[in-house]
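Trainee: Its first residue numbered 11, the sequence shown is counted upward by one per residue in the working numbering.
This is the structure I have questions about; it appears just below.
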Amino acid sequence: MAHTRILSTGVGHTPKGFLSLHCTSEQQATPHSSGRVIAKGESGISLQVKCRSCGADSVYQMEQLPQGYQVYQVRITGEDGPHLPKELRPLPYLEESFSVVAVSAQDAHERAEFAHSLRLAGHLTQYYIDGTLHLDERF
């Protein structure tokens with residue numbers, strides 16, 4: 011039986027590159043990936059993080075971002091196209107805006123793909139990073 015490996019074609023950092031936090035189910039330090047910025051204020055930044063081992067979501071408070079990271083504003087839009095019959099068409103237009111922490115616009119694009127909550131089904135999807143249309147550099 012052949013083994014199949016999936017390699018990341020993106021330019022984003024590995025899951026270990028952001029933070030290593032204590033996992034309650036594993037009872038050890040495990041890599042966590044960052045998602046949305048929940049709050050940003052005088053006391054620091056609150057991030058939604060996800061455990062790469064068990065998948066649990068939690069909130070992590072930071073006083074400042076790690077070296078090289080910055081907050082990117084992301085807006086995702088999804089438009090229904092005429093390629094589906096009317097009875098199978100999803101909602102005609104979807105949009106969501108949020109912030110992510112990343113090292114580059116491409117990294118922000120990749121993180122936004124996992125952080126959004128839109129139910130995209132056959133939609134023409136566009137990602138706007140800091141107000142500019144961003145094309146995925148992986149393809």
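Built from N, CA and C at the ideal position, the CB exists for glycine as well.
In this text, all values refer to a predicted model and were calculated from it rather than measured experimentally.
(1) Quick one, which of V110, M72, S43, A66 has its alpha-carbon nearest S56's?
(2) For the alpha helix (DSSP H) holding R121, just list the boundary residues, first then last.
(3) Just how far apart, CA to CA, sit G27 and A131?
(4) Let me know the secondary structure DSSP gives E97 once reduced to three states.
(5) In chain order, what residues of the same chain have a beta carbon less than 7 Å from the beta carbon of C64, not counting five sequence neighbours either side?
(6) Leaving aside the five residues before and after Y138 along the sequence, list all residues of the same chain whose C-beta is less than 6 Å from its C-beta, in chain order.
(7) Report buried or exposed for V69, applying the criterion of at least 16 other Cβ atoms within 10 angstroms of its Cβ.
(8) Thinking C-alpha only, which one of E89, L104, V113, C61 is nearest Y83?
(9) At the level of alpha carbons, what is the spacing between I16 and D90?
(10) Note down, in chain order, each residue of its chain lying with its Cβ closer than 8 Å to the Cβ of Y103, except the 5 sequence neighbours on either side.
(11) Classify A122: buried if its beta carbon has 16 or more other beta carbons within 10 angstroms, exposed otherwise.
(12) If you run the structure through DSSP and keep just helix, strand and coil, what is L29?
(13) When we look at the beta-carbon of A125 and count the other beta-carbons within 10 Å, is it buried (16 or more) or exposed?
(14) Out of S43, E120, S107, point me to the one whose CA is closest to R62's CA.
Mentor: In short, the structure shows the following:
(1) M72
(2) 115-125
(3) Below a pLDDT of 50, predicted positions are generally treated as unreliable, and G27, at 47, falls in that range; the measurement from the model is reported next regardless. Cα to Cα, G27 sits roughly 31 Å from A131.
(4) helix
(5) C33, S35, E36
(6) R85
(7) exposed
(8) At residue 83 the sequence reads Gln, which differs from the Tyr that was named. It is V113.
(9) Confidence at I16 is low in this model, with a pLDDT of 41, below 50, so the placement of that residue should be treated as unreliable; the coordinate-derived value is given next. Each residue's alpha carbon lies about 30 Å from the other.
(10) T87, G88, E89, D90
(11) buried
(12) strand
(13) buried
(14) S43
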